[in-house]
Amino acid sequence: MLSNYGYEDGSGSYYITIDTDKCCECEDKPCLDACPHEILQMELDDYDDEVVCVREEARNRLRQICAACKSHDRMESGDYVIPCMAVCPEGAMKHSW
Ligand code: SF4
Ligand code: SF4
43 MLSNYGYEDG SGSYYITIDT DKCCECEDKP CLDACPHEIL QMELDDYDDE VVCVREEARN
103 RLRQICAACK SHDRMESGDY VIPCMAVCPE GAMKHSW
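Take any residue in the sequence shown, count from 1 to its spot, add 42: that is its number in the working numbering.
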């Protein structure tokens, strides 16, 4: 299942999408430790599988919280090196901005 966390405002849409089917298969869940702001957390889905989600209190502030991860000094070959996505072995996480 694709779970979306975030918001839209006049400047754009700011969503993190997580493919929880892939999280179930990911034992180490390295994204949890990779996020410098600790906005990712583990939860149990409806089938009692361990999946990752964005903390409730961070969901409407993603642009601000994630800004440092998307700064120009994190660019390599024209792409941002975003910690949570870089460590994900499954390609389970996407950002809309
Ligand atoms: S690293 Fe990727 S697959 Fe593993 S828990 Fe995090 S988002 Fe899910
Ligand atoms: S972009 Fe940075 S702050 Fe935002 S979820 Fe990923 S690692 Fe955490």
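Where is the CB? At the ideal position from N, CA and C, for every residue including glycine.
If you look at methionine 43, you'll find it isn't in any alpha helix (DSSP H); DSSP assigns it neither H nor E.
Within the model, the alpha-carbon separation for tyrosine 122 versus cysteine 130 is close to 15 Å. In the DSSP assignment, lysine 136 falls within the unbroken beta strand (DSSP E) covering 135-137. For cysteine 95, the enclosing beta strand (DSSP E) begins and ends at 92-96.
The beta carbon of tyrosine 57 sits closer than 6 Å to those of Asn46, Gly48 and Ser138, all from its chain and outside the five residues before and after it, given in chain order.
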